[in-house]
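**Q** Below is one structure. I have some questions about it.
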Amino acid sequence: MSWLLALPFLLPIATALATFPARGRGSLCGIISVLGCVLMLGVAISIVALVEISGPTAVQMGEWTAPFGITLVADRLSAIMLLISALVGLCVSLYSLSDIDDCRIKLGFHSFFQLLLAGVCGSFITGDLFNLYVWFEVMLIASFALLVLGGDRIQLDGGVKYVALNLVSTLLMLTSIGMIYGLTGTLNMAQLHISLASVDNPVAISALAVLFICAFGIKAAIFPLFFWLPASYHAPPVAVTAVFAGLLTKVGVYALIRTFTLIFPTDLGFTHNILLGAALLTMLTGVLGAAAQYEFRKILAFHIISQIGFLVLGLALNSPLALAGSVFYMVHNIVAKTNLFLISGTAQRLTGGYELNEIGGIYKASPLLSIFFFIAAFSLAGFPPLSGFWAKLLLLKASLDQAAYLVAAVALITGALTLFSMSKIWAEVFWKGHPKGYCSSLYALPRKERFQRLLPVALLALITLGLGLVPEPFIDYSLDAASELLEPKGYLDAVLGSESAQYTGNH
106 MSWLLALPFL LPIATALATF PARGRGSLCG IISVLGCVLM LGVAISIVAL VEISGPTAVQ
166 MGEWTAPFGI TLVADRLSAI MLLISALVGL CVSLYSLSDI DDCRIKLGFH SFFQLLLAGV
226 CGSFITGDLF NLYVWFEVML IASFALLVLG GDRIQLDGGV KYVALNLVST LLMLTSIGMI
286 YGLTGTLNMA QLHISLASVD NPVAISALAV LFICAFGIKA AIFPLFFWLP ASYHAPPVAV
346 TAVFAGLLTK VGVYALIRTF TLIFPTDLGF THNILLGAAL LTMLTGVLGA AAQYEFRKIL
406 AFHIISQIGF LVLGLALNSP LALAGSVFYM VHNIVAKTNL FLISGTAQRL TGGYELNEIG
466 GIYKASPLLS IFFFIAAFSL AGFPPLSGFW AKLLLLKASL DQAAYLVAAV ALITGALTLF
526 SMSKIWAEVF WKGHPKGYCS SLYALPRKER FQRLLPVALL ALITLGLGLV PEPFIDYSLD
586 AASELLEPKG YLDAVLGSES AQYTGNH
C-alpha cells in the first residue's frame, strides 16, 4: 500500500534518472520518458480504483504515525488529479518526440519534464503543508529549467518574469507555514483541521487565510497575481507550454481547494468573499485579454487565466454542487487546454507561424486536425453537448441556487467572450485561406511525426467528447468528491485513525 501511494512521484523521479544518461541519444531518451508515463498512468488508475473501493486512503512513510511523520493521502479529488496528470504527461511526452529538438534533449528536457511531473503528483498526494512546499519547489525548479532550456532571448525574458513572482509565492508560503506551525505545532493537514478549530485567535487565523490565498493565488494565476503567465507561456516550445497550461496552475487551485475545505474553519465568510471577487475578476480580465490578442498561443494563455476563475468560483460558492462543478471543470479544462496548445504547435508546423493574420488554410489542408480543434475549443467555450457545457452548467446552477445572479451573469458573459475568441481562431487559422497561399497538409508530414503529433491530440479530443456525451458517471464522481471535501471525516479517519473520533468528538 505505501509503495502504491509513493509511486506517483517515485516513478517520474526514476524515469528522470534513467533519461539523463541517455540524453545523447534522443530517440532512446524519448522512449524511456514515454514508457515512464505509461507506467505512471497504470499506477494512477490503480489509485483511483483503490479509492473507489476503500474510500480515502493514507499511509505513513517510515511507519511514523501522523502527525509526526510524512503522510501520503489519496481521496477522490487527489486520485482523479493524479490520473489526469498521468494522462497529460503521457500525451505531452509522446508529442514532444517530434516537437523538441536534439539540442534541448541533450540539455536534459526529458529529465526536467519528468521531475515536473514528480512535483505535480507529489503535490496531489501529500498530506502535510511542508511537503506541499517541497513539491512546489520541485515544480518551480523543473519548470524554470524547461522554460529557459535552449537559451533563446524570449525564453530568458519570460523565465525571469516567471521565476520572480513565483519566488514571492514561495516566501509567502514559507511565512504562512511558519505562522501556522507556531499557532498549532503541526503541519499535518488532517491534524490542522482539528487544531485550528481550537485556536482562539480569529485575527491570526484570518491573516493566515489571506497569506495562503496570496501564496497559492500566485501559483494559480488568479487576479491580480497572474501577470507572470501571459508574459512567459508563449516563450518555450509547445510541448512545454502544453504541460504548463494543463497542470501548473491547477496545482495552485488544488492547493486552494484543499486548504479552504480541510484546514481552515468553514465559517471564514470573508475569505470566501475574497475568493469570489478574485474569481469573477480573473474570469473577466482573462477573457478580455484573450479577446485583444492576435497570436494563437497568447490567446490560449489568457484563456488559462479566465478558466482559473471558474475553478476558484466553485470553491468560493462553497456548496456541494459548486465544488462538484470545480472538480468537473478542472478535469475538462486540463484536457481541453493541453490539447489546444498541442494543436497550436501542429498548426504552426503546417502554416509557419502563430500570428493569426499570417497563417490560415488548415481546414482545407487538414480537416481531421480542424475537427480536433473544434472539439477542444468549443468545449472550452461551453458549447453543448461537449464537456465544458456540463462543467459550466453545474457552476451556473450552484450560483442560481444561492441567488448569486451577478455571478451567473459574469459566467455567461465570460463564456460568450470565450466563444468569440475561439471563433476568431477558427475563422483566421482554420477557415480562411493562407495569405501566402501555402499550408502544408498533415499528411505531408513524415508518417512517424504525424503519428507522434496526431495520436495525443486525438486521445485528448476523444476524452473531451466522451465527458460531454456521457457526463453522468463523472458528474456522480465529482459530487462524491465534493462531499468528501465538505465532510472530511473519511480523510481524517484515514490519516489519524482511532484518534480522529476522539478529536472530532471534542470539536
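Positions in the sequence shown are counted from 1; adding 105 to them yields the numbering used here.
Just so it is clear, CB atoms sit at the ideal spot from N, CA and C, and this is done for glycine as well.
What you are looking at is a predicted structure, and each value in this text was computed from that prediction instead of being measured.
1) If we call anything under 8 Å between Cβ atoms a contact, is A350 one with L405?
2) In whole angstroms, give me the CA-to-CA distance for F317 and V197.
3) From the DSSP secondary-structure annotation, give me the bridge partner or partners of I175.
4) CB-CB under 6 Å to W495, same chain, minus the five flanking residues each way: which ones, in chain order?
5) At 4 residues or longer, and completely inside the stretch 362-393: list those alpha helix (DSSP H) runs for me, N to C.
6) For V480, which residues in the same chain have their Cβ closer than 7 Å to its Cβ, ignoring the five residues on either side in sequence?
7) Just the Cα atoms here: how many angstroms apart are K324 and G542?
8) Tell me whether D206 is buried or exposed, calling it buried when 16 or more other Cβ atoms sit within 10 Å of its Cβ.
9) For G635, collect the residues of the same chain with a Cβ closer than 7 Å to its Cβ; drop the 5 residues on either side in sequence, then sort them by chain order.
10) Looking at C-beta atoms only, is the number of pairs between the stretch 225-237 and the stretch 577-595 that lie closer than 8 Å three or more?
11) By alpha-carbon positions, which one of A250, N236, Y548 and L199 ends up nearest to L220?
12) If I measure Cβ to Cβ from L455 and keep anything under 7 Å in the same chain, skipping five residues before and after, which residues do I get?
13) Could you tell me the boundaries of the alpha helix (DSSP H) in which W333 lies?
14) Does DSSP classify T231 as helix, strand or coil?
15) Quick test of the definition: if touching needs 3 or more C-beta pairs under 8 Å, does the stretch 308-315 touch the stretch 268-276?
16) Return the chain-ordered ranges of every alpha helix (DSSP H) run that is complete within the stretch 238-298 and spans a minimum of 4 residues.
17) Does the Cβ-Cβ distance between A383 and V417 come in under 8 Å?
18) Closest to M294 by C-alpha separation, out of D305, A163 and K442, would be which residue?
19) Quick one: measure Cβ to Cβ for Y200 and P551, integer angstroms, because I've assumed they're closer than 8 Å.
20) By the three-class DSSP mapping on this structure, what secondary structure does E533 have?
21) What is the rounded straight-line gap between the Cα of A123 and the Cα of C319?
22) Identify whether E460 lies in helix, strand or coil by the three-state DSSP scheme.
23) Tell me, please, whether the stretch 409-429 touches the stretch 503-511 by the rule of three or more beta-carbon pairs shorter than 8 Å.
24) For L182 versus L144, is the C-beta distance shorter than 8 Å?
25) Would DSSP call E157 helix, strand or coil?
26) Would you check if there are 3 or more beta carbon pairs closer than 8 Å linking the stretch 437-445 to the stretch 513-521?
27) Indicate whether G602 and P161 have their beta-carbon atoms separated by less than 8 Å.
28) Considering only residues of the same chain and omitting the five flanking positions on each side of F217, which have a CB-CB separation below 6 Å?
29) What are the partner residues of E400, as DSSP defines its beta bridges?
30) Using a 10 Å radius around the Cβ and a threshold of 16 neighbouring Cβ atoms, would you call I259 buried or exposed?
31) State the DSSP-derived secondary structure class of Y543, mapped to helix, strand or coil.
32) Give the DSSP-derived three-state secondary structure of L212 in the structure shown.
33) Between which two residues does the alpha helix (DSSP H) harbouring V345 extend?
34) Only counting the same chain, and skipping five residues up and downstream in sequence, which positions put a Cβ closer than 7 Å to that of H612?
35) Give a yes or no on whether the C-beta atoms belonging to C142 and G194 are separated by under 8 Å.
36) Assign L597 to buried or exposed, taking buried as 16 or more other Cβ atoms, counted over all protein chains shown, within 10 Å of its Cβ.
**A** So, to answer that:
1) Stepping through the sequence shown from its first residue, residue 350 is reached at position 245. Stepping through the sequence shown from its first residue, residue 405 is reached at position 300. Yes; because the gap between Cβ atoms is below 8 Å, this pair is in contact.
2) In the sequence shown, the residue the question calls residue 317 occupies position 212. In the sequence shown, the residue the question calls residue 197 occupies position 92. In a straight line, the C-alpha of F317 is about 31 Å away from that of V197.
3) Residue mapping note: residue 175 aligns to position 70 of the sequence shown, counting from 1. Answer by DSSP bridge pairing, in chain order: M166.
4) Indexing the sequence shown from 1 puts residue 495 at position 390. Taking C-beta separations shorter than 6 Å and ignoring five residues to either side along the sequence, the partners of W495 in its chain run P576, following chain order.
5) Taking only runs of at least 4 residues, no alpha helix (DSSP H) segment lies wholly in the stretch 362-393.
6) As a position in the sequence shown, residue 480 is number 375, starting the count at 1. Per the sequence shown, residue 480 should be read as Ile rather than Val. Taking C-beta separations shorter than 7 Å and ignoring five residues to either side along the sequence, the partners of I480 in its chain run L491, A566, T569 and L570, following chain order.
7) Within the sequence shown, the letter at position 219 stands for residue 324. Within the sequence shown, the letter at position 437 stands for residue 542. Here the alpha carbon of K324 sits roughly 42 Å from the alpha carbon of G542.
8) Position 101 of the sequence shown holds residue 206. The residue in question, D206, is exposed, as its Cβ has fewer than 16 Cβ neighbours within 10 Å.
9) Because the chain spans 106 through 612 in this model, residue 635 falls outside it and cannot be assessed.
10) No, the stretch 225-237 does not touch the stretch 577-595.
11) For the purposes of this step, residue 220 is taken as the residue at position 115 of the sequence shown. Among A250, N236, Y548 and L199, the Cα nearest to that of L220 is on A250.
12) Start at 1 with the first residue of the sequence shown, and residue 455 comes out as number 350. Correct list, in chain order: I467, A470, S471, C544, S545 and L547.
13) Numbered from 1 along the sequence shown, position 228 holds the residue referred to as residue 333. Run containing W333: W333 to S337, per the alpha helix (DSSP H) assignment.
14) Residue 231 sits at position 126 when you count from the first residue of the sequence shown. Looking at T231 - three-state DSSP - the assignment turns out to be strand.
15) At 8 Å Cβ cutoff, the stretches do not touch.
16) Given a length threshold of 4 residues, each whole run of the alpha helix (DSSP H) inside the stretch 238-298 is given here in chain order: 258-289.
17) Numbered from 1 along the sequence shown, position 278 holds the residue referred to as residue 383. Numbered from 1 along the sequence shown, position 312 holds the residue referred to as residue 417. Yes, the pair counts as a contact, with Cβ atoms nearer than the cut-off.
18) Against the sequence shown, residue 294 aligns to sequence position 189. A163 is the residue among D305, A163 and K442 whose C-alpha sits nearest the C-alpha of M294.
19) Residue mapping note: residue 200 aligns to position 95 of the sequence shown, counting from 1. Residue mapping note: residue 551 aligns to position 446 of the sequence shown, counting from 1. Cβ atoms of Y200 and P551 stay farther apart than 8 Å, at about 15 Å.
20) If you number the sequence shown from 1, residue 533 lands on position 428. Note: E533 maps to helix in three-state DSSP.
21) As a position in the sequence shown, residue 123 is number 18, starting the count at 1. As a position in the sequence shown, residue 319 is number 214, starting the count at 1. Taking the straight line joining both Cα atoms gives about 37 Å.
22) In the sequence shown, the residue the question calls residue 460 occupies position 355. Three-state DSSP puts E460 in a strand.
23) Counting Cβ pairs under 8 Å, three or more are found: they touch.
24) To locate residue 182, count along the sequence shown from 1; it is residue 77. To locate residue 144, count along the sequence shown from 1; it is residue 39. No, Cβ-Cβ distance for L182 and L144 is not below 8 Å.
25) In the sequence shown, residue 157 corresponds to position 52, counting from 1. If DSSP states are grouped into helix, strand and coil, E157 belongs with the helices.
26) Contact between the stretch 437-445 and the stretch 513-521 is absent, with fewer than three C-beta pairs closer than 8 Å.
27) Residue numbering aside, residue 602 sits at position 497 when the sequence shown is read from its first letter. Residue numbering aside, residue 161 sits at position 56 when the sequence shown is read from its first letter. It is not a contact, given that the beta carbons lie outside the stated cut-off.
28) Counted from its first residue, the sequence shown places residue 217 at position 112. The answer, listed in chain order, is A247, A250 and L251.
29) Sequence index remark: in the sequence shown, residue 400 carries index 295 (1-based). Secondary-structure assignment with DSSP links E400 through a beta bridge to E460.
30) Residue mapping note: residue 259 aligns to position 154 of the sequence shown, counting from 1. Under this definition I259 is an exposed residue.
31) Within the sequence shown, the letter at position 438 stands for residue 543. Reduced to three states, the DSSP call for Y543 is coil.
32) For the purposes of this step, residue 212 is identified with residue 107 of the sequence shown, where counting begins at 1. L212 carries a coil assignment under DSSP once its states are collapsed to helix, strand and coil.
33) Residue numbering aside, residue 345 sits at position 240 when the sequence shown is read from its first letter. First-last of the alpha helix (DSSP H) with V345: V343 to V348.
34) Mapped onto the sequence shown, residue 612 falls at position 507. A caution first: H612 carries a pLDDT of 41, below 50, which makes its placement in the model unreliable, though a value can still be read off. These residues qualify, in order along the chain: I299, A302 and S303.
35) As a first step, residue 142 is located in the sequence shown; it is residue number 37 there, counting from the start. As a first step, residue 194 is located in the sequence shown; it is residue number 89 there, counting from the start. Inclusion of C142 and G194 in the CB contact set at 8 Å is warranted, their separation being smaller than that value.
36) The residue labelled residue 597 in the question sits at position 492 within the sequence shown. Under this definition L597 is a buried residue.
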